[in-house]
Amino acid sequence: MPGTDKGNTPWPVPIWDADTVRLMSQDLGEGVFAVVADTADVQTTEGVPQATSGGFVVGGEAVMVIESMMTPGLARQVLDLVAATTGKPIRYVGVTSDHGDHFFGNYLMPEDARIIQHENAARGIAETGIEPRKKAQMGWFDVGKGIEEVEYRPADLLVGEGGRLVVDLGGHVVEVLDLGQGQTPGDLWYWDPKAKAAFAGNAFICERPAIPWLLDGVAEKPAQTLRKIHDWLPDDARIVPGHGRVTDKNGMLFFIEYLETLVAHTRSAVEQGLTLDQTKAEFPMPEFDAGYPLFNWLHFDVNIPCAYNEAAAAAASRRSGT
Ligand SMILES: [Zn+2]
C-alpha cells in the first residue's frame, strides 16, 4: 500500500491498533485526570506497546487537555472523557513533542482553545510539512486508522529552550516546562504542582520493560535530562508517561539506568577503539532485555548506533581540539 513501509519493518504493524484502543480517564485528584488506554494497567509491565497517554486538568474556569492524540477517533474519545467530567470549556491543549501520535488531533480540539507546543517542535513540523509525518505514522500504525483525515493545526503558544509557561485555569495553574532534551529537541513537560502530577510524553515512554527510542541521534542529553527530572520530582509525584500506565519516579529508573549504562558502555567502546559491530557484540545488556518485544531492534539497530556515533563524534572533536 502506498505510504507505508509494510513488509520491511522489524516490528508488527500496527504497533498498537487505534481501532481497538479504548481510552479511559483516571482521577489523580485536584481536578487532574490521566487519559490512558484501558489495557495500560495490565499490559504496560508486560511490555505490550500501549496507545498514547495524556490527560486533562480542570481548573476553576477552564480545562487544559494534554495530548490531542493520533487519530480523529482517539481525539474524540478525549473530548468525550472531558465532557463526561466537566462542563467547563477547553481553553488550552498542550502537546509534548512533534510526534504525530501526540498532536495530530489538534484540529478537532475546540476552535477557541489555544494549542501549546515547543518552538523546536513547531519549527520541525513547519519544515517537513504534515504529509510526510502522516505517512511515517501510517508506517508504524497502519493505513485506514484515520491518520489520512488529519489536518494540520499549528500551535498558538510556543515555549522555547529553557522556557517555562504558566497557564492559569482559574485558581489552578499548570506549568509548561522545557527541562532539556529527553527524546526530541522539542520536548515539553506539563507539571501540576497542586496534584503533583507530571505529563512526560515520549521523553519517558513508560516503566519497565520498555526502553528509550533514540531516534534523534542523541543519547547523553536524554540520560542527563531524565536523571535531572527524576531527582527534581517529589517522591509522591505521579507521572503520566508517553505510552502506558501512570507511575511514580521509581518507575522511571529502569528507563534512565538503561540510558546511563548505554552511554557508559558506548563511550568505553569508543575509547577502546571497538567498531560498531564489536560494540554490539560486547554490550548486549541482557539485564535490560526484560520482555519488551522491540528490545532487540531498538537496542542493536537504533540505540547502540546512536550512542556509539555520538561518542565517536565527541572523541573525534576532542582529538582535533575543536
Ligand atoms: Zn508517542
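Here the sequence shown is numbered in the working numbering, starting from -14 and rising by one per residue.
Cβ atoms here follow ideal geometry from the backbone N, Cα and C, with glycine treated the same way.
Segment limits, beta strand (DSSP E) that includes residue i
i: residue 103; result: 99 to 103
i: residue 261; result: Note, residue 261: premise wrong, no beta strand (DSSP E); alpha helix (DSSP H) at 261 to 267.
i: residue 41; result: 39 to 43
i: residue 125; result: Here residue 125 belongs to no beta strand (DSSP E); instead the alpha helix (DSSP H) covers 116 to 126.
Chain-order list of residues whose beta-carbon lies under 7 angstroms from that of residue i (same chain, five-residue window excluded)
i: residue 71; result: 43 and 48
i: residue -10; result: Low local confidence applies: a pLDDT of 40 at residue -10 is under 50, so the model's placement there is unreliable, and no value is given.
i: residue 28; result: 35
Local Cβ density within 10 Å of residue i, reported as buried at 16 or more and exposed below that
i: residue 166; result: buried
i: residue 217; result: exposed
i: residue 223; result: buried
i: residue -4; result: exposed
i: residue 227; result: buried
i: residue 151; result: exposed
i: residue 298; result: exposed
i: residue 5; result: exposed
i: residue 303; result: exposed
i: residue 219; result: exposed
i: residue 62; result: buried
i: residue 192; result: buried
i: residue 74; result: exposed
Neighbourhood of residue i by C-beta distance below 8 angstroms, restricted to the same chain and skipping five residues each side
i: residue 287; result: 198, 199 and 200
i: residue 203; result: 166, 291 and 295
i: residue 245; result: 208 and 212
i: residue 26; result: 230
i: residue 256; result: 300
i: residue 221; result: 181 and 233
Backbone secondary structure at residue i - three-state DSSP
i: residue 253; result: helix
i: residue 205; result: helix
i: residue 10; result: strand
i: residue 164; result: coil
i: residue -13; result: Caution applies to residue -13, whose pLDDT of 31 falls short of 50 and renders its modelled position unreliable; the value that the coordinates give is listed next. Of the three classes helix, strand and coil, the one that applies to residue -13 here is coil, per DSSP.
i: residue 188; result: coil
i: residue 286; result: helix
i: residue 277; result: coil
i: residue 174; result: strand
i: residue 199; result: coil
i: residue 22; result: strand
Start and end residues, alpha helix (DSSP H) containing residue i
i: residue 86; result: 85 to 88
i: residue 48; result: Segment 48 to 51 is the beta strand (DSSP E) holding residue 48; no alpha helix (DSSP H) there.
i: residue 192; result: Element bounds for residue 192: n/a, residue is neither H nor E.
i: residue 61; result: 57 to 70
Close-in-space but distant-in-sequence residues of the same chain around residue i (CB under 6 angstroms, 5 per side omitted)
i: residue 60; result: 53, 54, 90 and 93
i: residue 15; result: 179 and 180
i: residue 142; result: 99 and 101
Anything with a beta carbon under 6 angstroms from a heavy atom of ligand 1 counts; list them all in chain order. This criterion selects 37, 84, 86, 87, 187, 227 and 228.
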